[in-house]
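Per this note's numbering, the sequence shown runs over residues 148 to 1067.
Don't be surprised by glycine CBs; every beta carbon is placed ideally from N, CA and C.
Let me begin by presenting the structure, written as structure tokens, before commenting on it.
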Amino acid sequence: MGGVFLPSIDGIKQQTFSMDFILPRVERFLSEELPRIVSASEVPWHYNHRCKTCKFVEDCRKDAKGTIAMIPYLSVDDASDLKQAVPKEGEVDIEDLVNYVNNIQIDSNVSNVKKVKQIIRYNEDRKQSPYLESKTENAQYIGIPTATFPQETDHNLIIAMFLDPFVSRPFGWAICLYTNDGKIMKEFQHADSNLKSEKNETLSSFISLMNSFVTHLEEAFKYLCQEGSRACIFVYEEKEKTLIQDSLLELITLDPDKISKDIQPIQHKAMQCFLNLFDDCSLLLAIKNDDNENSEIPDGLREFPRLIVLEHSLSENIAINVPGFYQITDVWEQMVKPTLKNDQELNSLDPSNIDLESIYATWDSMNKERINKNLLFRTEFVNVAIQAYYSLLKKFTDNIASILIFSPQKFKFSEVQKFNHHYLGKLYFFTQFEAVTSSSQKRADRLKDFVQGEAICGILLEFDEFVEENHNETIAQFIVCDETSHKLETNNFTNFILTEDSAEGTREAICFSDMKYKKKFSGCPLPVLALIKVVDNSESIAIHLKGEFQKKRSKLQKNAKFRLYKRYLDFNTDKILGMLINIDKQKNSLSLEILKDPNAWSTSLPEKLPEKLKTIALNKCDSFTPSQKKISEALLEKRLQIIWGPPGSGKTHFLALFVTWYLTEVIPLLREKKANTIIGITANTNTTIDNLLERISVVQKRMNKTDDFLLVRMTTRSTRPSNSNDITYCTPQELNFKDAYKHTVVGGTIWDWHKIYDKQKIDIMIIDEGSQLLVANACVALECLNQTHGKLIIAGDHMQLGPIIQNTSHPAFSDDHPLIFGSTQQCLMRKVGDPSFNEDDFFLKKGQNHDYGPCTLQLKENWRMNCELNSFFQEIYGDDYISKNRNLEWDFKDDDLSHRKSCYQADIVSWKSNDFSKVK
Ligand code: SF4
148 MGGVFLPSID
158 GIKQQTFSMD
168 FILPRVERFL
178 SEELPRIVSA
188 SEVPWHYNHR
198 CKTCKFVEDC
208 RKDAKGTIAM
218 IPYLSVDDAS
228 DLKQAVPKEG
238 EVDIEDLVNY
248 VNNIQIDSNV
258 SNVKKVKQII
268 RYNEDRKQSP
278 YLESKTENAQ
288 YIGIPTATFP
298 QETDHNLIIA
308 MFLDPFVSRP
318 FGWAICLYTN
328 DGKIMKEFQH
338 ADSNLKSEKN
348 ETLSSFISLM
358 NSFVTHLEEA
368 FKYLCQEGSR
378 ACIFVYEEKE
388 KTLIQDSLLE
398 LITLDPDKIS
408 KDIQPIQHKA
418 MQCFLNLFDD
428 CSLLLAIKND
438 DNENSEIPDG
448 LREFPRLIVL
458 EHSLSENIAI
468 NVPGFYQITD
478 VWEQMVKPTL
488 KNDQELNSLD
498 PSNIDLESIY
508 ATWDSMNKER
518 INKNLLFRTE
528 FVNVAIQAYY
538 SLLKKFTDNI
548 ASILIFSPQK
558 FKFSEVQKFN
568 HHYLGKLYFF
578 TQFEAVTSSS
588 QKRADRLKDF
598 VQGEAICGIL
608 LEFDEFVEEN
618 HNETIAQFIV
628 CDETSHKLET
638 NNFTNFILTE
648 DSAEGTREAI
658 CFSDMKYKKK
668 FSGCPLPVLA
678 LIKVVDNSES
688 IAIHLKGEFQ
698 KKRSKLQKNA
708 KFRLYKRYLD
718 FNTDKILGML
728 INIDKQKNSL
738 SLEILKDPNA
748 WSTSLPEKLP
758 EKLKTIALNK
768 CDSFTPSQKK
778 ISEALLEKRL
788 QIIWGPPGSG
798 KTHFLALFVT
808 WYLTEVIPLL
818 REKKANTIIG
828 ITANTNTTID
838 NLLERISVVQ
848 KRMNKTDDFL
858 LVRMTTRSTR
868 PSNSNDITYC
878 TPQELNFKDA
888 YKHTVVGGTI
898 WDWHKIYDKQ
908 KIDIMIIDEG
918 SQLLVANACV
928 ALECLNQTHG
938 KLIIAGDHMQ
948 LGPIIQNTSH
958 PAFSDDHPLI
968 FGSTQQCLMR
978 KVGDPSFNED
988 DFFLKKGQNH
998 DYGPCTLQLK
1008 ENWRMNCELN
1018 SFFQEIYGDD
1028 YISKNRNLEW
1038 DFKDDDLSHR
1048 KSCYQADIVS
1058 WKSNDFSKVK
């Protein structure tokens, strides 16, 4: 067990954690790596921007002069590439690098030389690197084409925000609007801060500070929108952007039911600010579930970030002769000062009197005005740095458009849908946030390649020939030029766009609006294509791309080079958003009732099976194991059951047994029940749904119950299998439960259920692999349930893979808020009186058993592992997770396993000696 003391609102608290798994690593570090580092003759690490927060920064900065840290913002990988490329024993310094560049064939295409050129930003026209040739103390413009700084703006909105690290919340902010020539607009200049004292480190002072922030930000946004301004928003550094994002998310995720309904309007403003600030969410918001979405989206370049981190733009294109990273004083001395002519301006803007790097150091309990002034001074500094950036650029080139390819669109302030219930508003927001992040991630490859000037992220191809052509769809063969670096997976989705291998081609790919064409297969400005085949010859790899090639038809000549980029394809986000709006309009929404308090909903069954009948029903499931029987019994009395199925527990098989037993033994006991029972099945993947339906079919046959109920799989006509005697296939629209002549089990994806959720209601919904299904998507399945007696079964293992979430800055909820942004299973597992559980609850302490509340029961039998293997799983799932095949042996005679025999035996030896690091 390890522990650290962390500051929190209630003072310093001890946080403990299990260290078992990292002990071998700690041991290796102490016994091998640390002695090597300590005894090294030269220091192997280098000073860099990561050193910013280190207290030795000033000392190391002095020592770093003359080392390769003189190439600022050098990543660890780049530093190691330089060390490998430059032939020298020991540490490489800047002199060695200069000698290397002077003595090699710099126009060589050898990969080492290419790498060095990229790292030192070698300029082919000027035949120099701005880092190596810099003899002056004045900043130089590097001249790399970029999409992260605007060509021209009408207004610049500058934001500063600072963190109180003790409570991980901001203590002050400033917002200031400037015209494009740097003139301040006083009516949009605001700052606010809390005084440094314990009473200000509370949730209510945070809400009050953020209230004034979102109010003034929204005002500025509305003004920019009204003016139709081509505006951008700037912060100085990444941590300010992260702080703004985290603070808004914290505000949005507060629970008004627990705090006060009064925070709902503030949360609504925060959502609007969030989605208008980050990425180009406005494009998504403009859609508003309208099929006619295209009309809202402007032409020309779009989908660039609205919020710009100035430090990134400086590190990318400004060379300042200092090691590691640029401090504000460096930017002032070498970049801003030389561009200011007037002495008055020089004196009034000189940041040397105020420590702009760390306004926190000057934060005190006495003088709010002084803090606000310092915060505003930081926005002023950012403003002059932006102006200096443009003047350096103008000195560098007359053709600004060749360097800055991005011109902001007219500012649109997108209103966020208003919700009556805040859970739905949050789910709506989260669904949009995920879509926008996902789209931005796909687009990032094109932007990177544009800056690098070659296809590094995109796949470089050579056109070979057309394989098949008809009037609207064509298959063409291309040769992959760089076959090693890309994983080529085939499918029928038009996941890719094709563009020429040139700066102009990449620019076209950047201009391709992923959001606008997210549901389109044709009529897009670039060919949208499916990778349907990979032909791996011994000499080369060829691929077949299928789709419309018209847009590039004239360029498709033998050996012409192209790039293939992933695009954002999304048919579902709009459906989920529309459904959340519909749920919000309902008076008594079932989804909401379940999300709010699943334990209470679970007990709301109007009628329970009488004890006598229950005993009869349970006597019919004698073949069930004790834990299977316990779960089945619970389901007779409750509406919600979460079945926690660890690996090997036979979850699918149990679900099949349960469905068969329920329909053939329990339902006949309910004499008053006239209509046939409908059980729905859904999951995150088609494979999971098919597996479960097939398993039910096997059990049904084995028990001679094929006449008792029907198995139906919803599918589209094009994907329907031609033959199956056991399962009936139909489209969702063809389903009509009212005319069902038998009990029916129906499987379909969330999107199949989405087509019928407002028409057909069912008796039981089974969500398989519920730990992988997002709550917003699961709402579709919940809405299909019969309002008065519908039951919900969620099967899965929350200890295994969760849902795929795109946002690294996943919004964290307070401890008393249900986990509605994660998996359905985790969200609905609630202990009595506890609205959520946190990840600490996952880990068992010695002798402890898991408790995930009254609606969760675990399958306790491991059918797949012998005692030896199961002993490891007992540490995770509890001592009562028992092996049902205690003496199961691995069959090493099996050809697939024979090569693993020696490895397995070595693993067991390492395992028993607790040396997990050697277990393969
Ligand atoms: S400033 Fe110096 S001591 Fe601190 S992290 Fe950087 S190199 Fe290490």
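Per DSSP, reduced to three states, the secondary structure at M976 is coil, with no helix or strand assignment. Annotated three-state conformation of W479 is helix, per DSSP.
Taking C-alpha positions only, S983 is separated from L461 by approximately 44 Å.
The ligand SF4 has no heavy atom closer than 6 Å to the beta-carbon of Y473. Rounded to whole angstroms, the separation of the alpha carbons of I690 and I391 is 45 Å. Counting only the Cα atoms, N933 lies some 14 Å from S749. At a threshold of 6 Å, F203 counts as near the ligand SF4, since its beta carbon sits closer than that to one of the ligand's heavy atoms.
Counting only the Cα atoms, E179 lies some 52 Å from T896. Relative to the ligand SF4, the nearest heavy atom lies less than 6 Å away from the CB of Y194. When the beta-carbon positions are compared, L727 and L574 come within less than 7 Å of each other.
S538 carries a helical assignment under DSSP once its states are collapsed to helix, strand and coil. Taking the Cα of A294 as reference, the smallest distance to any Cα among I843, D402, S549 is reached at S549. In this structure A747 is exposed. Its beta-carbon is surrounded by fewer than 16 other beta-carbon atoms within 10 angstroms. The residues L371, C372, S376, A378, in chain order, have a CB closer than 6 Å to that of F558 in the same chain once the five nearest residues on each side in sequence are set aside.
Residue burial is scored here from C-beta neighbours: L817 has fewer than 16 other C-beta atoms within 10 angstroms and is therefore classed as exposed.
For the options I305, Q252, N1032, the alpha carbon positioned closest to that of L522 is the one of I305.
For A923, the enclosing alpha helix (DSSP H) stretches over residues 922-930. A distance below 7 Å between beta-carbons, with the five flanking residues on each side excluded, links E780 to the following residues of its chain, in chain order: L765. At least one heavy atom of the ligand SF4 sits closer than 6 Å to the Cβ of C207. When C-beta atoms of the region 868-888 are compared with those of the region 901-911, three or more pairs fall below 8 Å, so the two segments count as touching.
Distance from the C-beta of C420 to the nearest heavy atom of the ligand SF4 is not below 6 Å.
The Cβ-Cβ distance between I826 and V813 does not fall below 7 Å. F553 is not a Cβ neighbour of E647, given a cutoff of 7 Å. Across the structure, Q697 and V469 are spaced so that their CA atoms are roughly 51 Å apart. Membership of W320 in the beta strand (DSSP E) is indicated by the continuous run 316-326. Just measuring C-alpha positions, the residue of S1030, K667, C671 sitting nearest C658 is C671.
When DSSP states are grouped into helix, strand and coil, I903 belongs to the coil group. For C198, the distance from the CB to the nearest heavy atom of the ligand SF4 is below 6 Å. If only complete runs of 4 or more residues are kept, the region 685-751 shows the alpha helix (DSSP H) at 720-732, 737-743, 745-749, in order along the chain. In the three-state scheme derived from DSSP, where H, G and I count as helix and E and B as strand, Y999 is classed as coil. By the Cβ rule, the region 998-1014 counts as touching the region 763-778, because three or more pairs are nearer than 8 Å. With respect to L787, L939 sits close: the two C-beta atoms are nearer than 7 Å. Here DSSP, grouped into helix, strand and coil, assigns A942 to strand.
The region 637-656 and the region 710-723 touch, with three or more beta-carbon pairs separated by less than 8 Å. Around the CB of P868, fewer than 16 other CB atoms lie within 10 Å, so the residue is classed as exposed. If the five residues before and after I763 are omitted, its C-beta is found closer than 7 Å to the C-beta atoms of L816, all from its own chain and listed in chain order.
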